[in-house]
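Encoded as C-alpha cells, the structure appears first; notes follow it.
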Amino acid sequence: MHFSDLGIAPTILRALETAGYTSPTEVQAQAVPAAIAGRDLLVSAQTGSGKTAAFLLPALTKLSARSTGKGQGPRVLVLTPTRELAQQVEKNALEYGKDLRWMKTVCLVGGSSFGYQTRALSRPVDLVVATPGRLMDHMRSGRIDFSRLEMLVLDEADRMLDMGFIEDIETIVKATPETRQTVLFSATLDGIVGRMAEKMTRDPQRIEIARTETSGGTIEEHLLYADDLNHKHRLLDHILKESGFDQCVIFSATKAYSEELADKLSDQGYSAACLHGDMPQSWRNRTLNDLRRGRIKILVATDVAARGIDVPTITHVVNFDLPKQAEDYVHRIGRTGRAGRDGTAITLAESKEFHKVRRIEQYLKRQITEGVIEGMEPTRRPPKGPRRNGKPGGYGDRRPGSGGRGGYQGNRREGGYQGQRREGGYQGSRGPRNSSDRSRSNAQ
Ligand code: AMP
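Right, dumping it as C-alpha cells:
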C-alpha cells in the first residue's frame with residue numbers, strides 16, 4: 003500500500019516524502035480513504051499508531067481545495083484533550099501541509115495569550131486545533147465563526163471525557179453546522195464514548211485497529227517491586243546510573259512530587275526538569291524545547307502534562323509511581339520507542355500495590371515481566387496466585403528464558419535486559435480506575 007493509493011492531494015504526498023514516511027500505517031490505510039470519501043468515522047486507535055496523520059491527511063486534502071463557503075472561520079476543527087497534544091497536532095499539520103502556503107492554522111489552548119488568539123481569529127483561518135476549555139472561552143466571547151466548518155475531529159475522545167469535557171464537547175458540536183463531517187478517534191469506542199459518538203455522527207464507518215502498527219520501535223518493559231518509597235529511590239538511582247539512558251521521562255503521580263524529584267535529581271548533577279499542569283504554558287513549551295534539543299536529560303512529569311510528547315531521543319521511561327488509570331500506562335510507555343527507535347520502560351511498584359499492577363495487566367491483557375536488581379530485592383513479595391484468567395504462575399514465578407533471576411539487569415552490556423519485547427503500541431479494553439495510596443495531592 004502506498005500513500006498515493008489513498009486519494010491524498012499531491013502537494014501533501016510530497017511533504018510526506020520529505021517527512022520520510024514511506025508507507026501508511028494500518029489506521030492511515032483504513033481511515034484516510036474513507037475520510038476523503040466524506041464518511042463520518044469512529045476509529046479506535048492508540049497513540050503511536052499514526053492516528054494524527056490518519057485525520058490530518060484527509061483534513062489537509064480538503065483544505066488543498068479552496069473553500070467555496072462564506073465567512074472566515076475554520077474549515078477544520080480538531081479538539082484534543084491537552085495543550086501539548088494540540089500543539090503537536092498543529093505542528094504535524096504544518097509539516098504535512100507545508101506546501102499549502104495559504105493555509106492558516108491557529109492553536110487555541112489555555113496558558114497562551116488570549117489576545118493573540120483573538121487577533122488570529124479575526125483573520126481568515128483554515129484549521130483550528132483546540133482544547134475544549136479554551137475554545138469555549140472564545141465561543142463565549144463570540145470570536146468563533148463556524149459557518150464554513152467542513153470537518154470536526156475529536157482526537158483522544160475517551161481522554162477528553164475522562165477529563166470532564168463532555169458538556170463542552172456537546173456545546174461545541176451543537177454550534178457547528180449539521181452538514182459537517184465528523185471523525186472521532188479514541189482508544190476505546192465502548193461505553194460513554196460510543197454513546198456520545200453515535201449522537202454526533204451520521205452513518206459512521208467504524209474502524210478498529212486491533213494492534214497498533216509499528217511506526218514506533220520496540221519497547222522493553224520491566225516491573226520492579228519495592229518495599230517503600232526509600233527503596234524506590236534506591237532503585238531509581240541504580241537505574242539512572244546503570245541503564246545508559248540518553249533521555250528519560252520519569253512519571254510522578256503529583257505535581258508537587260514531580261517538582262521535588264526534579265530538584266533532587268538536579269542536586270545530584272543531572273540536567274533534570276519537571277513538567278506539570280500548573281506551570282505556565284510558556285514555561286512548559288520552553289521545557290519541551292529543551293528536552294527536544296537534548297538540554298534536558300531527565301524530565302519528571304505528570305500524566306496530563308506529558309501526553310503527546312513526541313521526542314524520538316527519549317530512551318527510557320520510568321514509572322516512579324503507578325498510573326492512576328490502567329490506560330495511562332500505555333500512554334506513558336509510548337513516550338519512548340518512537341520514530342522507529344527502541345525504548346525501555348521500567349515500572350516501580352510497592353509490594354502492597356500488587357493489585358494495581360494486576361489491574362494494569364488485565365487492561366493490557368498480558369503480564370509485565372517482573373525483575374529484581376541484585377542486592378536490591380524487595381523483602382516483601384507480592385502474594386503468589388493466579389495472575390489472570392486463572393492461569394497458574396504467581397508473582398514470584400520467573401519466566402522461562404529470563405535468566406533465572408528474571409528481569410532487569412540494569413545494563414545492556416551485561417546480558418542485557420530480560421524483559422518482554424513488544425512491538426509498537428498497545429491495545430486493550432478500558433481498565434478500571436484506581437488511585438494512588440500515597441497521600442500526595444492528586445492534581446496534575
Ligand atoms: P501518532 O500515533 O499520531 O502519535 O504518531 C506516532 C508517530 O509515528 C509520530 O512520530 C509520527 O510522526 C509517526 N508516523 C505517523 N505516520 C507514519 C508513517 N506512515 N510512517 C512513519 N512514521 C509515521
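Position in the sequence shown (from 1) plus 2 gives the number in our numbering. All C-beta atoms in this analysis are idealised placements derived from N, C-alpha and C, irrespective of residue type, glycine included.
Candidates the options, of which the one nearest residue i by Cα
i	options	result
Pro282	Glu172, Arg85 and Gly377	Arg85
Arg361	Thr184, Val332 and Gly342	Val332
Gln74	Arg382, Leu226, Gly246 and Lys106	Lys106
Pro380	Leu154, Phe322 and Lys234	Lys234
Leu110	Glu97, Leu81 and Tyr98	Leu81
Arg208	Leu293, Leu191 and Glu222	Leu191
Thr203	His224, Pro179 and Arg295	Pro179
Gly40	Ile174, Ile10, Asn94 and Leu96	Ile10
His357	Ala328, Thr338, Gly342 and Thr304	Ala328
Gly166	Thr20, Asn94 and Pro83	Pro83
Ile221	Lys243, Arg197 and Ile335	Ile335
Leu8	Pro60, Pro314, Leu301 and Lys53	Pro60
Thr27	Tyr259, Phe57 and Tyr365	Phe57
Gly144	Thr120, Val130 and Ile194	Thr120
Glu97	Asp139, Gly112, Thr54 and Leu79	Thr54
Gly296	Pro325, Ala275, Val374 and Ala308	Ala275
Leu163	Arg236, Ile300, Val195 and Glu223	Val195
Lys72	Arg150, Asp139, Gly113 and Glu19	Arg150
Leu301	Pro206, Val251 and Ala189	Val251
His240	Lys299, Asp280 and Val374	Val374
Glu262	Leu62, Ala303, Lys299 and Gln249	Ala303
Thr20	Tyr365, Val78, Asn94 and His278	Asn94
Gly342	Leu350, Tyr23 and Glu372	Tyr23
Arg288	Val359, Thr371, Gly113 and Val108	Gly113
His4	Ala17, Arg309 and Ser25	Ser25
Buried or exposed (CB count within 10 angstroms, at least 16 for buried), residue i
i	result
Arg340	buried
Asn291	exposed
Arg382	exposed
Lys1	Shown here, the chain extends from 3 to 446; a query on residue 1 therefore has no answer.
Lys64	buried
Tyr410	With a pLDDT of 46 at Tyr410, under the threshold of 50, the modelled position of that residue is not reliable, and the figure given next carries that caveat. Buried, since its Cβ has 16 or more Cβ neighbours within 10 Å.
Glu92	buried
Tyr118	exposed
Gly392	Caution is warranted here: a pLDDT of 35 is assigned to Gly392, below 50, making its placement in the model unreliable, and no coordinate value can be reported.
Glu376	exposed
Pro385	exposed
Ala88	buried
Pro12	exposed
Ser254	buried
Lys201	exposed
Thr70	exposed
Gly50	buried
Lys176	exposed
Ser245	buried
Arg414	Residue confidence is low: Arg414 scores 34 on pLDDT, short of 50, so the model does not pin down where it sits. Its coordinate-derived value is still stated next. That one is exposed.
Gly406	Unreliable positioning characterises Gly406 in this predicted model, as indicated by a pLDDT of 31, which lies under 50. The coordinate reading is nonetheless provided below. Classification of Gly406: exposed, given that the 10 Å Cβ count is below 16.
Glu363	buried
Ser115	exposed
Lys257	buried
Asp330	buried
Ala199	buried
Arg286	buried
Glu210	exposed
Arg103	exposed
Gly193	exposed
His278	buried
Asp305	buried
Ser260	buried
Asp312	buried
Arg337	buried
Residue-level contact to chain C via CB, residue i, 7 Å cutoff
i	result
Pro60	Judged by its chain identifiers, the structure shown contains no chain C, having just a single protein chain.
Exercise. Counting only runs that start and end within the region 98 to 142, where is the alpha helix (DSSP H) found for 4 or more residues in a row?
Worked result: Within the region 98 to 142, complete alpha helix (DSSP H) segments of at least 4 residues are found at 116 to 123 and 134 to 142, given in chain order.
Problem set entry | Minimum length 3: unbroken beta strand (DSSP E) runs contained in the region 155 to 224 | Unbroken beta strand (DSSP E) runs of no fewer than 3 residues, entirely contained in the region 155 to 224, are found at 183 to 188 and 207 to 210, following chain order.
Exercise. Is the number of C-beta pairs between the region 178 to 186 and the region 148 to 167 that are closer than 8 Å three or more?
Worked result: With a cut-off of 8 Å on Cβ pairs, the region 178 to 186 is in contact with the region 148 to 167, counting three or more such pairs.
For this session: Evaluate the contact criterion for the region 115 to 135 versus the region 29 to 42: three or more CB pairs, one atom per stretch, below 8 Å.
Result: Result no; under three Cβ-Cβ pairs closer than 8 Å.
Problem set entry | Validate contact between the region 346 to 353 and the region 312 to 319 using beta carbons, cut 8 Å, 3 pairs | Remark: three or more beta-carbon pairs, one from each stretch, lie closer than 8 Å, so the region 346 to 353 and the region 312 to 319 are flagged as touching.
Problem set entry | Cβ pair count under 8 Å reaching 3, the region 134 to 141 against the region 168 to 176 | Under the 8 Å Cβ criterion, the region 134 to 141 counts as touching the region 168 to 176, having at least three qualifying pairs.
Problem set entry | Any 3 or more C-beta pairs closer than 8 Å across the region 254 to 269 and the region 43 to 58 | Between the region 254 to 269 and the region 43 to 58, the count of Cβ pairs shorter than 8 Å is below three; the stretches do not touch.
Problem set entry | alpha helix (DSSP H) runs contained entirely in the region 334 to 373, provided each spans 4 or more residues | The region 334 to 373 contains these whole alpha helix (DSSP H) runs: 356 to 366.
Problem set entry | the region 51 to 70 contacting the region 220 to 234, beta-carbon criterion three pairs below 8 Å | Judged by pairs of C-beta atoms under 8 Å, the region 51 to 70 does not touch the region 220 to 234, as fewer than three such pairs exist.
Exercise. Going along the chain, which unbroken runs of the beta strand (DSSP E) with 3 or more residues stay wholly within the region 37 to 75?
Worked result: Runs of the beta strand (DSSP E) lying entirely within the region 37 to 75, each at least 3 residues long, are 43 to 46 in chain order.
Problem set entry | Every unbroken beta strand (DSSP E) within the region 210 to 296, with a cutoff of 3 residues, ordered by chain | List check, beta strand (DSSP E) in window: 220 to 228, 250 to 253 and 274 to 277.
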